[in-house]
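Enquirer: Last residue of the sequence shown? That's 288 in the numbering used here, and every number before it is there in order.
Here it is, the structure, as C-alpha cells.
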Amino acid sequence: MDTEKLKDALEYFESRIENCNLCARNCMVNRKESIGVCEQGVNAKITNAVLHFGEEPPLVGTGGAGAVFFSGCGMRCVYCQNFGFSQMMVGREIDDESLANIFMKLQNSGAKTLDLVTPEPHLRSIVHALIIASESGFNLPIVFNTSSYVNVETLAHLDGIVDVYLADIRYTDDAVGKKYSLVPDYWTVAQRSLKEMYRQVGSFKADRMRGLIVRHLILPNGIAGTQKAMRFVAEELSTSVPVSLMSQYFPVYKALKMKEISRKIDDDEYVEALDVLEKYNLEGWYQPLYEKIKGVYAKSIER
Ligand code: SF4
C-alpha cells in the first residue's frame, strides 16, 4: 500500500467533508453541521462486514470477498434491495480505528479482497482506516463497488489506491435515471466515471487482481438500456472489460407500485441480453435465469 498516496487522498477527502461533492449529487453541505442526500455525517456508518461468496468468482477465491456494507447512498433507486441501509439509514456509526480493525479482521479471516460496497460518502473514513490498517500489515486488494454515480475528481484521488473497480451501468438515459433513481444525470455522469476508472486500471485481469469489471442488472421492459450499455463498454472502453450480467432483479420497495418494474425479468429478456453480449463480443459472468437455457451461452461468456 502506498502510504504517501493514501495521505494525499486523506487530505483531499477531509477537505470535502466541509463541502461535500464526493458523489455526483454535489450536495456541497458541511457534513460536520448538516447532512446531504446520503444523510451521512463525518464518521463511517456500516451495516455489516462479512465474508461474501456471491461476488464475481475471482474476487471471492476460496476465502470470500471481505465485504463491508456502508450505509447511505446518493442514489435513490426505487427498487433498491438494500433500501434499509442505503435509504433508511440503518447501520452503526464507527470511528476510523474500529473500521481499520474490521479490515484487519477480514484479512485475518481469509478474505481474498476488501470489497467496499457503496463507499463514496465514507471515503474520508475508509482512507484513514486503510492508513491505520496498513501499519498492521493490511494488504488486501481494494475493490470499489459502486453505482458509478461518482465524480471524476473523487476517482482521481483513488488512483493507485483502488485495485478493482466493480462498477454498475444502471441505465443509459438520464431521464430513466431520474425516474427510477431520482438523480438528474446518471448516464452523463456514469460514462465519464467509467472512462476514468478504465483509464486508471484497464480491463480486469484475475492474475494481477486489478482492473475494471462492469456490472449490469437487467431490468424488465428494457429499462436498463442493455443494448446501449454493452455498446458503450465495447466501443468506448474495451471488449476486454469483463461484464457481469445480473438477472436476479425482483421488485421490492417502491418498485412494487410501478407497473413496468413490478415483476422479475422473463426468459425472452434474459436471452436478449445474452445475445447483446455476444453481439458486442463481450465476456464475463452471468447468473443463469433457468436451468433450461443455462449452457447455451456458457461457452461464449464464461471465463
Ligand atoms: S456523498 Fe452524500 S453529502 Fe456528499 S455529495 Fe454525495 S449524497 Fe451529497
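Ideal Cβ placement from N, Cα and C applies to all residues, glycine included.
Report all residues from its chain with a CB closer than 7 Å to the CB of Tyr134; omit the five preceding and five following residues, and keep chain order.
Expert: The residues are Cys8, Ala9, Gly59, Met60, Val168, Tyr171, Val174, Ala175.
Enquirer: Please identify the residue among Gly145, Glu3, Lys97, Glu254 whose C-alpha is closest to the C-alpha of Val45.
Expert: It is Lys97.
Enquirer: Based on Cα-Cα distance, which residue from Met89, Val199, Leu267 lies nearest to Arg155?
Expert: The shortest Cα separation from Arg155 among Met89, Val199, Leu267 belongs to Val199.
Enquirer: Output the residues surrounding the ligand PLP, defined as those with a CB atom closer than 5 Å to any ligand heavy atom, in chain order.
Expert: Annotation note on the ligand PLP: not contained in the displayed structure, which lists the ligand SF4 as its ligands.
Enquirer: Keeping to the same chain, check which residues put their C-beta closer than 8 Å to that of Met194; ignore five residues upstream and five downstream.
Expert: Counting only Cβ-Cβ distances below 8 Å, and skipping sequence neighbours, we find Pro43, Thr98, Pro126, Asp148, Val149.
Enquirer: State the CB to CB distance for the pair Tyr265 and Met215, rounded to an integer number of angstroms; the pair is presumed to be in contact (CB under 8 Å).
Expert: Confirmed, about 5 Å.
Enquirer: By a C-beta neighbour count over all protein chains shown, 10 Å radius and 16 as the cutoff for buried, is Glu289 buried or exposed?
Expert: Any property of residue 289 remains undetermined from this structure, which presents the chain solely from -14 to 288.
Enquirer: Report the rounded CA-to-CA distance for Val137 versus Lys213, giving the unit in angstroms.
Expert: Near 22 Å, if we compare the C-alpha coordinates of Lys213 and Val137.
Enquirer: What number of angstroms, rounded off, separates the C-alpha of Leu36 from the C-alpha of Leu108?
Expert: Whole-angstrom Cα-Cα distance: 21 Å.
Enquirer: For Glu181, which option in Asp80, Ile208, Asp144 has the closest C-alpha, if you only look at C-alpha atoms?
Expert: Closest option to Glu181, Cα to Cα, is Asp144.
Enquirer: So, are the CB atoms of Thr131 and Ala118 less than 8 Å apart?
Expert: No, Cβ-Cβ distance for Thr131 and Ala118 is not below 8 Å.
Enquirer: Can you check DSSP and say which residues form a bridge with Ala152?
Expert: Thr131, Val199.
Enquirer: Taking its Cβ as the centre, do 16 or more other Cβ atoms sit within 10 Å of Phe235, making it buried, or is it exposed?
Expert: With fewer than 16 other Cβ atoms within 10 Å, it is exposed.
Enquirer: Could you have a look at Leu230 and say whether DSSP puts it in helix, strand or coil?
Expert: Three-state DSSP puts Leu230 in a strand.
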